[in-house]
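Below you'll find the structure, written out as C-alpha cells, and then a few comments.
In the working numbering, the protein residues as written are 3 to 96.
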C-alpha cells in the first residue's frame, strides 16, 4: 500500500457516534489483527465438544497432540457420558 494512500485512509477516520445518540462522540480506533491462529475443533452430531487454540510460536508435536487427546477424553467424559464408556483403539505405533 502506498504511503499516500495509507495516510489518506488514516486521516479519513472521523469521530463517530458510539451508540447513535448526539453528544456521545468517540474517535474510531484502528486495531491490529491478531494474525494467524491455529484451532483444533472436535465435534460430533450433537455439537462442538472442544476447541483448543495452539499457543503462539508453538508447533504441534507428539507430546502436544497426546495432551490434546487427553483433554478431549476428559471433555467427552464430562459432556457425552454415553460415549466415554466406548472403547477405541489408538493408532498403531510405527
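Built from N, CA and C at the ideal position, the CB exists for glycine as well. As the structure is a prediction and not an experimental result, all values here were calculated from the model.
Test item: CB-CB of residue i and residue j under 8 Å
i	j	result
residue 41	residue 59	no
residue 78	residue 51	yes
Rounded straight-line distance, which links the Cα of residue j to that of residue i
i	j	result
residue 44	residue 37	22 Å
residue 73	residue 35	29 Å
residue 65	residue 33	35 Å
residue 48	residue 81	10 Å
residue 83	residue 67	23 Å
residue 85	residue 71	15 Å
residue 75	residue 31	42 Å
residue 46	residue 69	20 Å
Sheet register partners of residue i (DSSP bridge)
i	result
residue 41	55
residue 46	49
Continuous alpha helix (DSSP H) stretch holding residue i: start and end
i	result
residue 78	64 to 81
Reference residue i, options the options, closest by Cα
i	options	result
residue 61	39, 84 and 31	39
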